[in-house]
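Take a look at the structure set out below.
In mature numbering (1 follows the signal peptide of the UniProt record, and there is no 0), the protein residues as written are -17 to -1, 1 to 143.
What follows is the structure, given as structure tokens:
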């Protein structure tokens, strides 16, 4: 029974690895303290700038505007470098997770090649396909290979 559950979960996760990868990517690409402080400073400077009249206090207004521009520029640089890093993390995470899950399924397929996942009752007759369903095992059983293949095919049909 455990083999049935593990093989089904691994088959579904190998097809829908985005279910795991997306939250991990969001956690890895959250806003840093530096970005948060710069955004807060920009908001604070903009509210301070809105209180000033541009005609009467042009020097003060332009000084604040230069600070805002510097902070916005440094924030843009941080976001650009973060975007490049996120691309590499996203590719590595998605393909790495698929490789790990596929490798695990291959190892389990080799290890449990002669262990049936399900035993069918003798009243069930799978005459034309019985040999393929229970390939390395005796009749009226479902092999690990066939079960993983069926679960993967069903998982590809399900859109998450």
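Glycine included, every Cβ here is placed at the ideal spot set by N, Cα and C.
For this session: Using beta-carbon positions only, say whether residue 81 and residue -1 come within less than 9 Å of one another.
Result: Inclusion of residue 81 and residue -1 in the CB contact set at 9 Å is warranted, their separation being smaller than that value.
Exercise. Got a sec? Which residues, its chain only, sit under 7 Å from residue 31 by beta carbon, not counting five neighbours each side?
Worked result: The residues are 47.
Exercise. Among all the DSSP beta bridges, which residues are the ones paired with residue 124?
Worked result: Beta-bridge pairing links residue 124 to 102.
For this session: Report buried or exposed for residue 141, applying the criterion of at least 16 other Cβ atoms within 10 angstroms of its Cβ.
Result: So residue 141 counts as exposed.
Problem set entry | N-terminal and C-terminal residue of the alpha helix (DSSP H) that residue 6 is part of | First-last of the alpha helix (DSSP H) with residue 6: 1 to 11.
Problem set entry | residue 115 - containing alpha helix (DSSP H), residue span | In the DSSP assignment, residue 115 falls within the alpha helix (DSSP H) that extends over 113 to 116.
For this session: Determine the direct distance from the alpha carbon of residue 67 to that of residue 10, and round the result to whole angstroms.
Result: Those two C-alpha atoms are separated by around 16 Å.
Exercise. Between the stretch 95 to 114 and the stretch 36 to 46, are three or more C-beta pairs nearer than 8 Å?
Worked result: Taking 8 Å as the limit for Cβ pairs, the verdict is that the stretch 36 to 46 does not touch the stretch 95 to 114.
Problem set entry | Cα-Cα separation between residue 93 and residue 59, rounded to whole angstroms | So the alpha carbons of these two residues sit roughly 50 Å apart.
Problem set entry | Alpha-carbon to alpha-carbon, residue 78 and residue 132 | Spanning the alpha carbons of residue 132 and residue 78 requires a straight line of approximately 20 Å.
Exercise. Among 21, 134, 136, 7, which one has its Cα closest to the Cα of residue 74?
Worked result: When 21, 134, 136, 7 are compared, the shortest CA-CA separation from residue 74 is found for 7.
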